[in-house]
Amino acid sequence: MSDAAATGKIDAATGPAVDPALDRRFMALALMLGRRGLGRTWPNPSVGAVVVKDGVIVGRGWTQPGGRPHAETEALKRAGKDAKGATLYVTLEPCSHHGKTPPCVDAIIRAGVSRVVSALEDPNPEVAGQGHARLRERGIVVDTGLGAEEAARDHAGHIRRMREGRPHVLLKLAASSDGKAGLPGRKPAAITGEAARARVHQMRAESDAILVGIGTVLSDDPHLTCRLPGMADWSPVRVILDARLRVPLATSVVGTARDTPTWVFTSPTTSAMAEDILKAKGVEVFRIEGKDGRLHVHAVLKALASRGITRLMVEGGPTVGAAFVQANLVDEAALFRSPNPLGEGIEALEGLPLTALTKSAALKSLRTEQVGGDTLELFIRN
């Protein structure tokens, strides 16, 4: 952040007067706007932007479904001629490269914006500071770092995909008070109440993809969609790990594959005929290496990132959950706990105590809150 942004003083050499309190207010709005697109803008990050002139908001924008138009161009379009001499608040560095759309920095320069307040530098190597540099070269004041911590959380999927070549992983678990996730014989059980289920659907809506194992599909026949009122279109891509390619054609995920994208990951040796049948139903099949009848989750994540997935919600099954915990691939976790015991049943993490998650050195507890009659504890990577 520049000295002017830090002190609130006027610097005739660098630009207009700066009010730190207003900067924080308008960046908070930009962050809120950016979150509107979570789960819908992949492979692009969900960015928010606000154009302000003389203390008045003259334009707002957020990344549109599918990743374009970008937030900056949306906000500038709404601001029109009022963008000249204005300040643009944006949650991620404006792009400086030609992709499917022209660079946002060109639109900012053309609009006559005099100052840009940017929360984060974009880790995309095609940008990586070049957007900020080009703006400064054209005499535009650029202040960076305001809202960086919150922006880093909102853009965690984009950042991890750029830096690590995989999506950001949220593991969702539901457990009884005695740490069980289902009844004996892997029979499903209703663990949490309606309020918790609604919260899970909101999490789905903010994810690019949701992942379960074949065991969950066989035992529960889940839809894996967002069933909040009016939010069916926010349903994520459905990802199923099925090393032996035995997903039945009569399941909900296969039957609705033309309505909601459904991707099945299997091993290289499974039946080509079974793959062709699934493809005819609208399912996309990926072949990934594995071992001992299980797919390599690192390879699955790499393949998902190559298709543009940035935010992955892992929701299905004690076996899959344990695989991600053991591989140290959990970046966030949402643990819903019922106040009621199940007694005999299957553990929430196959072959692992629940403390492998709750006491993991890789994660820290963020907060615990009440959701209806259940509790939700949120964890984040250290």
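Numbering-wise (this note's numbering), the sequence shown opens with residue 1 and increments by one.
Using N, Cα and C, we set each Cβ at its ideal position, and we do this for glycine too.
Those runs of the beta strand (DSSP E) which lie wholly inside the stretch 83-154 and span at least 3 residues: 87-90, 115-118 and 141-144
Sequence ranges, alpha helix (DSSP H) only - wholly within the stretch 282-313, length at least 4: 297-306
C-beta atoms of VAL51 and ALA75 nearer than 8 Å: The criterion of a C-beta distance shorter than 8 Å is satisfied by VAL51 and ALA75.
For HIS168, the first and last residue of its enclosing alpha helix (DSSP H): Segment 168-175 is the beta strand (DSSP E) holding HIS168; no alpha helix (DSSP H) there.
Distance between beta carbons of ASP221 and VAL456, contact taken as under 8 Å: Any answer about residue 456 is impossible in this case: the structure gives the chain only from 1 up to 382.
Selection from GLY34, GLY147, ARG337 and PHE379 that minimises the alpha carbon distance to ALA361: The residue with the shortest Cα to Cα distance from ALA361 is PHE379.
Nearest-angstrom Cβ-Cβ length linking SER403 and GLY290, presumed shorter than 8 Å: Nothing can be reported for residue 403, as the shown portion of the chain is limited to 1 through 382.
Check whether PRO167 and ILE288 have beta carbons under 8 Å apart: no
SER338 versus ALA322 - alpha carbon distance: 20 Å
Rounded C-alpha distance that separates GLY372 from MET313: 22 Å
Distance CB(ARG138)-CB(ILE109) smaller than 8 Å: Their beta carbons are under 8 Å apart, which means ARG138 touches ILE109 by this criterion.
C-alpha distance - ALA71 paired with GLY293, whole-angstrom precision: Going from the Cα of ALA71 to the Cα of GLY293 covers about 44 Å.
Sequence-distant residues of the same chain with beta carbon closer than 6 Å to ALA111, five excluded per side: Cβ neighbours of ALA111 beyond the five flanking positions: LEU76 and ALA83.
Cβ-Cβ distance between SER207 and GLY39 below 8 Å: yes
Reference ALA174; option with closest CA among ARG197, LEU245, GLY282 and ARG186: ARG197
Among TRP263, PRO184, ARG199 and VAL169, the one whose alpha carbon lies nearest that of ILE214: TRP263
Rounded Cβ spacing between GLY55 and ARG78 (contact assumed at less than 8 Å): Going by Cβ atoms, the distance from GLY55 to ARG78 rounds to 17 Å, so no, they are not a contact pair.
Continuous alpha helix (DSSP H) assignments of at least 4 residues falling wholly in the stretch 325-360: Segments of the alpha helix (DSSP H) lying fully in the stretch 325-360: 355-358.
Three-way DSSP call (helix, strand, coil) for LEU183 in this model: Strand.
Simplified DSSP state of SER271, which is helix, strand or coil: coil
TRP62 - partner residues in DSSP beta bridges: Per DSSP, GLY48.
Beta-carbon proximity check, THR216 vs ASP154, cutoff 8 Å: no
Inter-residue Cα distance where the pair is THR7 and LEU211: Model confidence at THR7 stands at a pLDDT of 35, short of 50, so the residue's coordinates are unreliable; what they give is reported in the following sentence. Between THR7 and LEU211, the C-alpha separation is close to 47 Å.
Assigned secondary structure, THR260 (DSSP; H/G/I helix, E/B strand, else coil): coil
Where the beta strand (DSSP E) containing LEU378 begins and where it ends: 374-381
Coarse secondary structure for GLY213, derived from DSSP in three states: strand
Residue nearest to ALA164 in terms of C-alpha spacing, selected from ALA190, THR73 and ASN124: Looking at the sequence shown, residue 164 is not Ala but Glu. Taking only the C-alpha atoms, the option nearest GLU164 is ASN124.
Assigned exposure category for LYS81 - 16 Cβ within 10 Å defines buried: exposed
C-alpha distance - LEU241 paired with VAL47, whole-angstrom precision: 31 Å
8 Å contact criterion, which PRO102 and SER96 should meet: CB distance rounded: At roughly 10 Å, the Cβ-Cβ gap does not stay under 8 Å, so PRO102 and SER96 are not in contact.
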